[in-house]
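For reference, the structure is listed below as structure tokens.
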Amino acid sequence: MNLEEGIKKINGTVEVEVEGFFTERYINLCKINNIKIWNIQTIGSGIVRFSIAIKDFKKLRKITKKTKCKVKILNKKGLYFKVFKYRKRRVVIFLLGIFVLLCILSTSFIWNIEVIGNSYITTEEVYKALEDSGVYIGKNKLGLQTKKIVTNLRVLLPDAAWIGVDIEGTNVYINIVEKTRLPDSAVNDNSIGDIVSDKSGVIEKIIAENGTPILSTGEYVEEGRILIEGKIYSDLLETKDVSAKGLVVLKTEYEYKSDYYYTVQEKEYTGKTKYSIGISINNKENYINYLDKSLKYDIIKDSSSINFFGNTLSFDIYKFNIYNLVDRVRSKEEILQIAQKDSEDYINNEVLPNTRNGQIINSNLIIDYEDNEKISVRVVYDLTEEVGYFRERN
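Each step along the sequence shown adds one to the number in our numbering, with nothing skipped, and position 66 is 66.
Next comes the structure, spelled out in structure tokens:
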């Protein structure tokens, strides 16, 4: 049974028989007046049967009068007629109302609790902690606040790194992520303190393994601000000081700035090469210098070393490639490509190695200044990275 048929059964339908000389016209007028009919059957000459919704039945009066046909109801179906049948029986209506009310009230209670993700924390421990937090089978769910339940469970279940509470219908789902257990010898730090931000940015993720998050996702935080406070608050117990632990991911911003000139000097090699020899003692170079000081050279050194009475003796061959400096004019497109590559080298070689799990999520090249001589370029990078350090509380 599809949705449309279900609605028809609830609202009520009737099967009617139309008799007259103009039954075909009768059917056509129903369609013209947007009266929906179905299961149309021709019984004989001048007699047709069809089904129609109870709400549209009254619309047939004008058509019946216009075509001078006779209409007879053969059958009635639907909840509407059943309720109408018992309209004078107040006890039945009262009991039906009580039944509907009980159905509605029953959905406002908790009838099932399911624990997910626990391994060494037993389900019985979770049930006991829930009961101490005021959540149990048969409890009215109206007024329950999941944040308070989570806070209480974190106090009562210290081995849980993260707890999620979802209330869906009459079911309560407890999702648990347990802490990684370390050998007793590895757990030595009992210092009371907070997790503090070592950078500025927008919070992408904040999960407290121990302690209470001060900020939430989407908030901007300055460097030095407390992210996870080393305290656990509860409605049932006194505030507890702990050693704050957790994961905080920020969306941070880095900029690369530089000026690029249209005209630059580049090396133009002449193809001429000169050679020389020399000796280096303990990296102190000595070679025969007969070079023309008016020329410019690229030097390539090839060495062979030996140890001689604790000293390093090196025999060197020098190759001098002669070049001239020439001016070259670059286009704007070429400069922007160079700037983009320089910024990528900066972010990959200088920024990312100094982040914790840093990832580039966006970049934007901006021209801050431009004239006939140079272009000032700024490339802004948006990153996500883990931040925060432990600061002991005095």
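Beta carbons: idealized from backbone N, C-alpha and C, even for Gly.
Model, not experiment: these values are computed from the prediction.
Point to revise | Reference I347, options V379, T217 and Y261, closest by Cα | key: As a position in the sequence shown, residue 347 is number 347, starting the count at 1. Nearest option by C-alpha distance: V379.
Review point. So the beta strand (DSSP E) L477 belongs to, where does it begin and stop?
Key: Any question about residue 477 goes unanswered here, given that the chain covers just 1 to 394.
Point to revise | Pairwise C-alpha distance: K267 and G218 | key: Here residue 218 refers to the residue found at position 218 when the sequence shown is read from its first residue. Here residue 267 refers to the residue found at position 267 when the sequence shown is read from its first residue. Using only the alpha carbons, I get a separation of about 51 Å.
Point to revise | Short Cβ contact (8 Å threshold) for N324 with T270 | key: Locating residue 324 in the sequence shown gives position 324, counting from the first residue. Locating residue 270 in the sequence shown gives position 270, counting from the first residue. Yes. Within cutoff.
Check your understanding: What is the DSSP secondary structure of D302, reduced to helix, strand or coil?
Key -> Residue 302 sits at position 302 when you count from the first residue of the sequence shown. Strand, per DSSP.
Exercise for review: Indicate whether I98 and I176 have their beta-carbon atoms separated by less than 8 Å.
Suggested key: Along the sequence shown, read from residue 1 onward, the residue named residue 98 stands at position 98. Along the sequence shown, read from residue 1 onward, the residue named residue 176 stands at position 176. No, the pair does not count as a contact, with Cβ atoms beyond the cut-off.
Check your understanding: Between V71 and the rest of its own chain, which residues show a CB-CB distance below 7 Å, the 5 nearest in sequence each way excluded?
Key -> Residue 71 sits at position 71 when you count from the first residue of the sequence shown. Excluding residues within five positions, the ones whose Cβ falls inside 7 Å are V16, V18, L60 and T64.
Check your understanding: Which one of E350, D302 and G44 has the shortest CA to CA distance from E255?
Key -> Here residue 255 corresponds to residue number 255 of the sequence shown, with the count starting at 1. Checked all of E350, D302 and G44; the closest Cα to E255 is E350.
Point to revise | Sequence-distant residues of its chain with Cβ nearer than 7 Å to N311 (five each side left out) | key: Locating residue 311 in the sequence shown gives position 311, where the first residue counts as 1. Same-chain partners within the cutoff: I281 and N282.
Point to revise | Cutoff 6 Å; reference E386; Cβ partners in own chain excluding five residues on either side | key: Here residue 386 corresponds to residue number 386 of the sequence shown, with the count starting at 1. Closer than 6 Å at Cβ, skipping near neighbours: V249, R356 and N357.
Exercise for review: With a cut-off of 8 Å on the beta carbons, I'd call D198 and Y389 a contact; round off their distance for me.
Suggested key: As a first step, residue 198 is located in the sequence shown; it is residue number 198 there, counting from the start. As a first step, residue 389 is located in the sequence shown; it is residue number 389 there, counting from the start. Going by Cβ atoms, the distance from D198 to Y389 rounds to 5 Å, so yes, they are a contact pair.
Point to revise | Opening and closing residue of the beta strand (DSSP E) in which F50 lies | key: Translated into the one-based positions of the sequence shown, residue 50 becomes position 50. Counting along the chain, the beta strand (DSSP E) containing F50 begins and ends at I47 to A53.
Review point. What separation, rounded to the nearest whole angstrom, lies between the Cα atoms of E116 and S51?
Key: The residue you call residue 116 lines up with position 116 of the sequence shown. The residue you call residue 51 lines up with position 51 of the sequence shown. According to the sequence shown, residue 116 is Ile rather than Glu. Approximately 52 Å, taken between the alpha carbons.
Exercise for review: Grab me the residues of E392's own chain with a C-beta within less than 8 Å of its C-beta, minus the 5 sequence neighbours each way, in chain order.
Suggested key: Counting from one through the sequence shown, the residue named residue 392 turns up at place 392. Around E392: S191, I192 and G193.
Review point. Can you name the start and end residues of the alpha helix (DSSP H) that S343 belongs to?
Key: Within the sequence shown, residue 343 is the residue found at index 343, counting from 1. Residues K332 to Y346.
Exercise for review: Enumerate in chain order the residues of its own chain whose CB-to-CB distance from P213 is below 6 Å, with the five nearest sequence positions on each side excluded.
Suggested key: Numbered from 1 along the sequence shown, position 213 holds the residue referred to as residue 213. The answer, listed in chain order, is I206 and I228.
Practice item. Give me the Cα-Cα distance between G169 and L236, rounded to the nearest whole angstrom. Key: If you number the sequence shown from 1, residue 169 lands on position 169. If you number the sequence shown from 1, residue 236 lands on position 236. Cα to Cα, the separation comes out at about 26 Å.
Practice item. Determine, using beta carbons only, whether Y260 and I338 come nearer to each other than 8 Å. Key: Mapped onto the sequence shown, residue 260 falls at position 260. Mapped onto the sequence shown, residue 338 falls at position 338. Result yes, Cβ atoms of Y260 and I338 sit closer than 8 Å.
Check your understanding: In three-state DSSP terms, what is T273?
Key -> Within the sequence shown, numbered from 1, the residue matching residue 273 stands at position 273. Residue state, collapsed to three classes: strand.
**Study point:** Span separating the alpha-carbon of Y287 from that of S314
**Key:** One-based indexing of the sequence shown puts residue 287 at position 287. One-based indexing of the sequence shown puts residue 314 at position 314. Distance between the alpha carbons of Y287 and S314 is about 11 Å.
**Study point:** Option in G211, A244 and L247 with minimal Cα separation from I232
**Key:** What you label residue 232 is simply residue 232 of the sequence shown in a count that begins at 1. When each option's Cα is compared against that of I232, the closest is G211.
Review point. Would DSSP call F57 helix, strand or coil?
Key: The residue you call residue 57 lines up with position 57 of the sequence shown. Here F57 sits in helix by DSSP.
Point to revise | Between the CA atoms of Q359 and L383 - distance to the nearest angstrom | key: Stepping through the sequence shown from its first residue, residue 383 is reached at position 383. Stepping through the sequence shown from its first residue, residue 359 is reached at position 359. If you take the alpha carbons of L383 and Q359, they lie about 5 Å apart.
Exercise for review: Grab the span of the alpha helix (DSSP H) containing A129 for me, first residue to last.
Suggested key: Sequence index remark: in the sequence shown, residue 129 carries index 129 (1-based). T123 to D132 is the extent of the alpha helix (DSSP H) around A129.
**Study point:** Backbone CA spacing between D132 and A161 [nearest angstrom]
**Key:** Within the sequence shown, numbered from 1, the residue matching residue 132 stands at position 132. Within the sequence shown, numbered from 1, the residue matching residue 161 stands at position 161. Approximately 19 Å between the Cα atoms of the pair.
Review point. Leaving out the 5 sequence neighbours to the left and right, which residues in its chain are closer than 8 Å to G20 when beta-carbon positions are compared?
Key: Counted from its first residue, the sequence shown places residue 20 at position 20. Cβ within range, chain order: Y26, G46, T67, K68, C69 and K70.
Point to revise | Opening and closing residue of the alpha helix (DSSP H) in which Y24 lies | key: Residue mapping note: residue 24 aligns to position 24 of the sequence shown, counting from 1. Position check: residue 24 holds Glu in this sequence, whereas Tyr was assumed. T23 to I32 is the extent of the alpha helix (DSSP H) around E24.
Check your understanding: Do the CB positions of K139 and I163 come within less than 8 Å of each other?
Key -> Residue mapping note: residue 139 aligns to position 139 of the sequence shown, counting from 1. Residue mapping note: residue 163 aligns to position 163 of the sequence shown, counting from 1. Not in contact: K139 and I163 (Cβ atoms no closer than 8 Å).
Practice item. Could you check which residue in L215, I43, N28 and V14 has the C-alpha nearest to that of I73? Key: On the sequence shown, residue 73 is found 73 positions in, with the first residue counted as 1. Looking at the Cα atoms, V14 is the closest of the given residues.
Exercise for review: Measure the Cβ-Cβ separation of I195 and A244 and say whether it is below 8 Å.
Suggested key: By one-based count along the sequence shown, residue 195 stands at place 195. By one-based count along the sequence shown, residue 244 stands at place 244. Taking 8 Å as the Cβ cut-off, I195 and A244 qualify as a contacting pair.
Check your understanding: Can you name the residues that DSSP bridges to E268?
Key -> If you number the sequence shown from 1, residue 268 lands on position 268. E268 pairs with N324.
Point to revise | 6 Å CB neighbourhood of S276 in its chain, flanking five on each side removed | key: Taking the first residue of the sequence shown as 1, we reach residue 276 at position 276. Closer than 6 Å at Cβ, skipping near neighbours: Y287, I288 and Y318.
Review point. Any idea if R328 is buried or exposed, counting beta-carbon neighbours within 10 angstroms, 16 or more meaning buried?
Key: What you label residue 328 is simply residue 328 of the sequence shown in a count that begins at 1. Counting Cβ neighbours within 10 Å, R328 comes out exposed, since fewer than 16 surround it.
Exercise for review: Decide if I226 is buried, meaning its Cβ has at least 16 other Cβ atoms within 10 Å, or exposed.
Suggested key: Residue numbering aside, residue 226 sits at position 226 when the sequence shown is read from its first letter. Classification of I226: buried, given that the 10 Å Cβ count is 16 or more.
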